[in-house]
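J.: Handing you a structure now.
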Amino acid sequence: MPRVIEAAVPGFSVEGCLSKMAAALPGRQDQPVVYHLRAGEHRVALNERIGEPLSLRWTGAIACTHCGRATKKSFAQGHCYPCFKRLAQCDTCIMKPETCHFFQGTCREPEWGERHCFQPHIVYLANSSGLKVGITRKTQMPTRWLDQGAIQALPILEVDTRQQSGFVEMLFKEQVADRTNWRAMLKGDVETMDLSAERDRLLTLLADGLNQLRETHGSDAIRLLEQPAQHFHYPVSVFPKKVVSHNFDKQPLVEGVLQGVKGQYLILDSGVINLRKFTGYEIQVS
Numbered sequence: 001m002p003r004v005i006e007a008a009v010p011g012f013s014v015e016g017c018l019s020k021m022a023a024a025l026p027g028r029q030d031q032p033v034v035y036h037l038r039a040g041e042h043r044v045a046l047n048e049r050i051g052e053p054l055s056l057r058w059t060g061a062i063a064c065t066h067c068g069r070a071t072k073k074s075f076a077q078g079h080c081y082p083c084f085k086r087l088a089q090c091d092t093c094i095m096k097p098e099t100c101h102f103f104q105g106t107c108r109e110p111e112w113g114e115r116h117c118f119q120p121h122i123v124y125l126a127n128s129s130g131l132k133v134g135i136t137r138k139t140q141m142p143t144r145w146l147d148q149g150a151i152q153a154l155p156i157l158e159v160d161t162r163q164q165s166g167f168v169e170m171l172f173k174e175q176v177a178d179r180t181n182w183r184a185m186l187k188g189d190v191e192t193m194d195l196s197a198e199r200d201r202l203l204t205l206l207a208d209g210l211n212q213l214r215e216t217h218g219s220d221a222i223r224l225l226e227q228p229a230q231h232f233h234y235p236v237s238v239f240p241k242k243v244v245s246h247n248f249d250k251q252p253l254v255e256g257v258l259q260g261v262k263g264q265y266l267i268l269d270s271g272v273i274n275l276r277k278f279t280g281y282e283i284q285v286s
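Once you know that position 42 of the sequence shown is 42 in UniProt numbering, the rest is easy, because the numbers rise by one and skip nothing.
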């Protein structure tokens, strides 16, 4: 396991390749999600830096998060082109799991597929910028919701494989969006909703389609979950009224007063930046 260094002293300066921010639930429900920026082996606690100046400078270097080689361009959030073309985790079926081609014998990495795709997946409703449907591995709750900046989330169905979750999600997409409006999410004016009532409404509307999927995949392949909705709060002191986005590729220096963190975005008084988009970029943080 790589060494992890906490950067917690005033006047700090660290350098390393970005990974997506670590987000963890707080000790109490009334407290905000706990965030750490990850740059190489360094972890920078962000909650305690709200209201303080923060500077991120891209050095111009990018390293593949899988093989470590230098690359001029990042593909699929942090991969060099050879890894992007070779790895199963970069295949189009990850974004569209209903197109899984494992049983055709053409999976790029069958052993990886067995470990990641042939395990329980959850179909959920979330409220990030309004109602949406999504899927995630069972082991990725609640990380998936925190990465999306959801203020509410409710698991509704459990299935056996990623492909099955894709079939269910396609059915739900006939009635509800599957994407987050990231600008609306960052403005912080999203109204809470009764996710349990939305679940019941959608299950009634889609009952015939779900029964057809059960006939195809087995009566116990799609299982109803009875869990309460979860609620999340984020460390934001000021939400932006107008969302201006920073981009390391256009401007290597991003700086300003840190006003909040939500999803995988830093909210600065100078604009916002999606750190996950720049996974593998070597940055200097101060």
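Just so you know, even glycine gets a beta-carbon here, dropped at the ideal spot from N, CA and C.
Leaving out five residues on either side along the sequence, give the residues of the same chain with a beta carbon under 7 Å from the beta carbon of G280.
T.: Along the sequence shown, read from residue 1 onward, the residue named residue 280 stands at position 280. Taken in chain order, the residues that qualify are C17, L18, I62, A63, C64, T65, S74, G78.
J.: Are the Cβ atoms of Q148 and G263 separated by less than 8 Å?
T.: If you number the sequence shown from 1, residue 148 lands on position 148. If you number the sequence shown from 1, residue 263 lands on position 263. In this structure, G263 lies closer than 8 Å to Q148 by Cβ.
J.: Under the rule that 16 or more other beta-carbon atoms within 10 Å means buried, what is K20, buried or exposed?
T.: Here residue 20 is taken as the residue at index 20 of the sequence shown, counted from 1. Flag for K20 reads buried.
J.: Three-state secondary structure (DSSP) at L248?
T.: Locating residue 248 in the sequence shown gives position 248, counting from the first residue. Residue identity differs from the one stated: residue 248 is Phe in this sequence, not Leu. F248: coil per DSSP, three-state reduction.
J.: So is T59 buried or exposed if we call it buried at 16+ other beta carbons inside 10 Å?
T.: In the sequence shown, residue 59 corresponds to position 59, counting from 1. Burial call: exposed.
J.: Please report how far the alpha carbon of R38 lies from the alpha carbon of Q89, in whole angstroms.
T.: Within the sequence shown, the letter at position 38 stands for residue 38. Within the sequence shown, the letter at position 89 stands for residue 89. Roughly 21 Å separates the two Cα atoms.
J.: If you reduce the DSSP assignment to three classes, tell me which class M193 lands in.
T.: For this step, residue 193 is matched to residue 193 along the sequence shown. Here M193 sits in coil by DSSP.
J.: Check N274 in the structure and name its three-state DSSP category.
T.: Locating residue 274 in the sequence shown gives position 274, counting from the first residue. Three-state result, N274: strand.
J.: Checking the sheet assignment: what are the DSSP bridge partners for F75?
T.: Here residue 75 is taken as the residue at index 75 of the sequence shown, counted from 1. Answer is H79, bridged to F75.
J.: Can you give, in chain order, each stretch of the alpha helix (DSSP H) that sits fully within the segment 31-108 and has at least 4 residues?
T.: You should have 81-86, 92-95.
J.: Tell me whether S19 sits in a helix, a strand or coil according to DSSP, three-state version.
T.: Locating residue 19 in the sequence shown gives position 19, counting from the first residue. Of the three classes helix, strand and coil, the one that applies to S19 here is strand, per DSSP.
J.: In whole angstroms, what separates the C-alpha of S245 from that of K132?
T.: Working through the sequence shown from its first residue, we reach residue 245 at position 245. Working through the sequence shown from its first residue, we reach residue 132 at position 132. So the two alpha carbons sit approximately 23 Å from each other.
J.: Grouping DSSP H, G and I as helix and E and B as strand, with all else coil, what is H121?
T.: Here residue 121 corresponds to residue number 121 of the sequence shown, with the count starting at 1. Strand at H121.
J.: If you draw a straight line from the C-alpha of G188 to the C-alpha of Q104, how long is it?
T.: Here the question's residue 188 lines up with position 188 in the sequence shown. Here the question's residue 104 lines up with position 104 in the sequence shown. Cα to Cα, G188 sits roughly 45 Å from Q104.
J.: Name the residue from L203, C107, F232 whose alpha carbon lies nearest to the alpha carbon of E191.
T.: The count along the sequence shown starts at 1 and reaches residue 191 at position 191. The residue with the shortest Cα to Cα distance from E191 is F232.
J.: Is E174 helix, strand or coil by DSSP?
T.: By one-based count along the sequence shown, residue 174 stands at place 174. Coil at E174, not helix or strand.
J.: So the alpha helix (DSSP H) G134 belongs to, where does it begin and stop?
T.: Counting from 1 along the sequence shown, the entry for residue 134 is found at position 134. From DSSP, G134 is part of no alpha helix (DSSP H) but of the beta strand (DSSP E) over 131-137.
J.: So which of C93, N274, R183 has the shortest CA-CA distance to S165?
T.: By 1-based counting over the sequence shown, the position of residue 165 is 165. Comparing Cα positions, the closest option is C93.
J.: Keeping to the same chain, check which residues put their C-beta closer than 8 Å to that of N47; ignore five residues upstream and five downstream.
T.: By one-based count along the sequence shown, residue 47 stands at place 47. Within the same chain, N47 has close Cβ partners P32, V34, Y35, P235, V261.
J.: Is the Cβ-Cβ distance between L210 and V176 less than 8 Å?
T.: If you number the sequence shown from 1, residue 210 lands on position 210. If you number the sequence shown from 1, residue 176 lands on position 176. No, Cβ-Cβ distance for L210 and V176 is not below 8 Å.
J.: So G113 is in the alpha helix (DSSP H); what residue range does that whole segment cover?
T.: Start at 1 with the first residue of the sequence shown, and residue 113 comes out as number 113. 110-116 is the extent of the alpha helix (DSSP H) around G113.
J.: Using the three-state DSSP reduction, which class does E226 fall into: helix, strand or coil?
T.: Indexing the sequence shown from 1 puts residue 226 at position 226. In this structure, E226 counts as coil in the three-state DSSP scheme.
J.: Could you give the DSSP three-state label for V285: helix, strand or coil?
T.: Here residue 285 is taken as the residue at index 285 of the sequence shown, counted from 1. Of the three classes helix, strand and coil, the one that applies to V285 here is strand, per DSSP.
J.: Quick one: residues in its chain with C-beta nearer than 6 Å to the C-beta of Q227, no 5 flanking neighbours on either side, listed in chain order?
T.: What you label residue 227 is simply residue 227 of the sequence shown in a count that begins at 1. Excluding sequence neighbours, Q227 sits near P155.
J.: Which residue comes first and which comes last in the alpha helix (DSSP H) that contains L146?
T.: As a working mapping, residue 146 is identified with position 146 in the sequence shown. First-last of the alpha helix (DSSP H) with L146: 143-147.
J.: State the Cα-Cα distance for the pair H121 and E169, rounded to the nearest angstrom.
T.: Here residue 121 is taken as the residue at index 121 of the sequence shown, counted from 1. Here residue 169 is taken as the residue at index 169 of the sequence shown, counted from 1. C-alpha separation (whole angstroms): 11 Å.
J.: Which value, in whole angstroms, describes the spacing of the CA atoms of E111 and K242?
T.: For the purposes of this step, residue 111 is taken as residue 111 along the sequence shown, with counting starting at 1. For the purposes of this step, residue 242 is taken as residue 242 along the sequence shown, with counting starting at 1. If you take the alpha carbons of E111 and K242, they lie about 46 Å apart.
J.: Could you tell me whether the Cβ atoms of L186 and F248 are closer together than 8 Å?
T.: Your numbering for residue 186 matches position 186 in the sequence shown. Your numbering for residue 248 matches position 248 in the sequence shown. In this structure, F248 does not lie closer than 8 Å to L186 by Cβ.
J.: In angstroms, rounded to a whole number, what distance separates the CA positions of H116 and F278?
T.: In the sequence shown, residue 116 corresponds to position 116, counting from 1. In the sequence shown, residue 278 corresponds to position 278, counting from 1. Each residue's alpha carbon lies about 24 Å from the other.
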